[in-house]
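Undergrad: Okay, here's the structure, questions in a sec.
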Amino acid sequence: MGKKEHASDEVSLSLLLWLRTDSEGRDLAADIRGVICEFPRVNSPPHSGEKINLTNQFLQVERLRTVLTEEVEIHGKENFPTLRITLHKLISHVRRKLLDRQLALKHVKLNGGAASYVLSMDEFVYSDLDLIFPIDLSQEGDFDKVRCAVFDALIELMPASTNKQMMCVDTLKDIYIRKMVKVSDGDRWSLFSLHNNYGRCIELKFVDKMRRQFEFSVDSFQITLDSVLDAAEQNQLEEKKLPKSLVVPAESMFGNFHAAQQHLQKRLIDTRNPEEIRGGGLLKYCHLLCKGYTATQNCREMEKYMCSRFFIDFSDINMQEIKLRQYLDNHFGTEDEQKFQYLQILNRVIKESTVCLMGHERRSTQAMIERLRQQISYSCFYQGQDGGYYEHTPRQVLLYLPQNSNHWIRVV
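See below:
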């Protein structure tokens, strides 16, 4: 490495270390762009909100019907029952409870892997079912109304034999909710991730304002479901009698719908300004690589931005491990071999593209990833030895508190 390159790395390192300790209330995306200013930047076009109509695309409409009539499972903790319901009926329950709370629901949209599956020409397995409910959250009390509506819907879905009168918010939250998020500073939205033991995430996101609504072009699609849900109310969805006049708008938050759809068909990874994403999109990026997607040159050049934002948001090694374990549980379920491959890819990307850490800090993160890989390889080995299946129970955990640490670390 030449003197000039070495000096620029030292400047970037010093600035990022300063950002870690003095970033409260700052625009992190702007800070990261300033820190890594030595690297060439590929600019992407702004979001244009381009929409298309799926009405005359039979394959896509049929796939959408299949997704909405699929039975989903919300697993309960311990002896509580698993809730089984078709996706469109789950949405109907939530919509009705929102209206009961006098909340002005604008639309319901399908997002994430399920939306990508609908719009793709190829068959592939999707693990996440993301639903967006654009809604007015201008009053602070609206967040509580949304929370109550979600819990009311869950109670309604429980079997008749359950003593529903004994169900309180805290009990339901522990039994069926994997994650709850509330954002009311600048952006205004809340998220409820419903628990599924097999990594088949169901996320309900209630959005008033959200500046960044996607991570990568292939997961940037949103399909408005209102007309399809109205047809479902008349039993036209499951009976395959959707009216020909049905209007099903779809859009890409990436900006260019056809470019995003082409990335999906060719299995390409692209994004813009990853430093705007919490965590930099690093974990999702490595997940797409693990699925066999190929990063565009533009995206490869932005790996350093992903790593920088990730290490700002999760600067402590314990926070990194907690976040990584959560991601593995949420997206891979019991698929230990895929977890192993994923951690290999993550380790490589961090090794090759991290410019913001001291050498010993980067090695510490890599050692943590390697330790997780070894734990997974042991479970794979013992599974192979007895010929059975390794049962993954993410809700039953053993924790320890390291010395001089403020975070509990999960052991198993």
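Sequential numbering of the sequence shown, starting at 1, is according to UniProt numbering.
Think of the CB as a built atom: it goes at the ideal place given N, C-alpha and C, for glycine as much as any other residue.
Remember, predicted model here, so these are calculated numbers, not experimental data.
(1) Quick test of the definition: if touching needs 3 or more C-beta pairs under 8 Å, does the stretch 152-169 touch the stretch 120-133?
(2) Beta carbon of T86, beta carbon of E71: below 8 Å?
(3) Which stretch, first to last residue, makes up the beta strand (DSSP E) that contains V207?
(4) N330 by DSSP, collapsed to three states: which one?
(5) When you compare only the Cα positions, how much space is there between K284 and D174?
(6) Please confirm whether V111 and D136 have their CB atoms less than 8 Å apart.
(7) Starting from F254, trace the beta strand (DSSP E) both ways and give me its first and last residue.
(8) Measuring alpha carbon to alpha carbon, tell me which of S245, R272 and M368 ends up nearest N256.
(9) Tell me the rounded alpha-carbon separation between Y293 and R101.
(10) Does the beta-carbon of K97 have 16 or more other beta-carbons within 10 angstroms, so that it is buried, or is it exposed?
(11) Which runs of the alpha helix (DSSP H) fall wholly inside the stretch 141-186 and span at least 4 residues, in chain order?
(12) Of all the options I74, W189, S92 and L99, which has the alpha carbon lying nearest to the alpha carbon of Q139?
(13) Taking V181 as the reference, give the member of V146, T171 and N163 with the closest Cα.
(14) Given L154, which residues of its chain have a CB within under 6 Å of its CB, disregarding the five upstream and five downstream residues?
(15) Below 8 Å, how does it come out for the stretch 340-348 and the stretch 367-382: are there three or more Cβ pairs, yes or no?
(16) Between the Cα of A295 and the Cα atoms of K205, F216, N163 and S184, which residue gives the shortest distance?
(17) What is the residue span of the alpha helix (DSSP H) that N347 lies within?
(18) Count the C-beta pairs between the stretch 263-280 and the stretch 73-91 that are closer than 8 Å, then say yes if the count reaches three, no if not.
(19) Do A231 and L246 have their C-beta atoms within less than 8 Å of each other?
(20) Under the three-state reduction of DSSP, which class applies to E62: helix, strand or coil?
(21) Starting from Q297, trace the alpha helix (DSSP H) in both directions and tell me its first and last residue.
(22) Which partner residues of Q222 appear in the DSSP bridge assignment?
(23) Around the Cβ of Q320, are there at least 16 other Cβ atoms within 10 angstroms (buried) or fewer (exposed)?
(24) With F192 and L204 assumed to form a contact (beta carbons below 8 Å), what rounded beta-carbon distance in angstroms separates them?
(25) To the nearest angstrom, report how far apart F39 and M302 are at their CA atoms.
(26) Could you check what DSSP says for R362 in three-state terms: helix, strand or coil?
(27) Helix, strand or coil, according to DSSP, for P81 in the structure here?
(28) What would DSSP say about M319, mapped onto helix, strand or coil?
(29) Leaving aside the five residues before and after V228 along the sequence, list all residues of the same chain whose C-beta is less than 8 Å from its C-beta, in chain order.
(30) Check whether the stretch 326-340 and the stretch 308-318 touch, using three or more Cβ-Cβ pairs below 8 Å as the test.
(31) Please go through the same chain and pick out, in chain order, the residues whose beta-carbon is closer than 6 Å to the beta-carbon of H107, but skip the five residues on each side of it.
(32) What first and last residue would you give for the beta strand (DSSP E) that runs through L191?
(33) Starting from I91 and walking both ways along the alpha helix (DSSP H), at which residues does that stretch end?
(34) Excluding the five sequence neighbours on either side, which residues of its own chain have a C-beta within less than 8 Å of the C-beta of S353, listed in chain order?
(35) In its own chain, which residues sit with a C-beta less than 6 Å from the C-beta of S252, not counting the 5 before and 5 after it?
(36) Taking the straight line between their C-alpha atoms, what separation do you get for E361 and F310?
TA: Considering the structure as presented:
(1) no
(2) yes
(3) The continuous beta strand (DSSP E) containing V207 extends over residues C201 to K209.
(4) helix
(5) 26 Å
(6) The sequence shown places Asn at residue 111, rather than the Val named in the question. Not closer than 8 Å, so no.
(7) F254 -> no beta strand (DSSP E), and no H or E assigned at all.
(8) Ranking the options by Cα distance to N256, first place goes to R272.
(9) 43 Å
(10) Classification for K97: buried.
(11) 169-176
(12) W189
(13) V146
(14) L172 and Y176
(15) Taking 8 Å as the limit for Cβ pairs, the verdict is that the stretch 367-382 does touch the stretch 340-348.
(16) Nearest C-alpha to A295 among K205, F216, N163 and S184: F216.
(17) D336 to S353
(18) no
(19) yes
(20) helix
(21) Q297 to E301
(22) N111 and E251
(23) buried
(24) For a cut-off of 8 Å, the C-beta gap from F192 to L204 is around 5 Å, short enough to register as a contact.
(25) Here F39 scores only 40 on pLDDT, less than 50, and its place in the model is too uncertain to base an answer on.
(26) Note: R362 maps to helix in three-state DSSP.
(27) coil
(28) helix
(29) Cβ contact annotation for V228 (same chain, cutoff 8 Å, sequence separation greater than five): L64, R65, L68, H88, L237, L242, L246 and V248, in chain order.
(30) The stretch 326-340 makes no contact with the stretch 308-318; the number of CB pairs closer than 8 Å stays below 3.
(31) P134, T224 and D226
(32) R188 to L194
(33) Per DSSP, I91 belongs to the alpha helix (DSSP H) from L87 to D100.
(34) E303, K304, M306 and C307
(35) Counting only Cβ-Cβ distances below 6 Å, and skipping sequence neighbours, we find S220, F221 and A260.
(36) 13 Å
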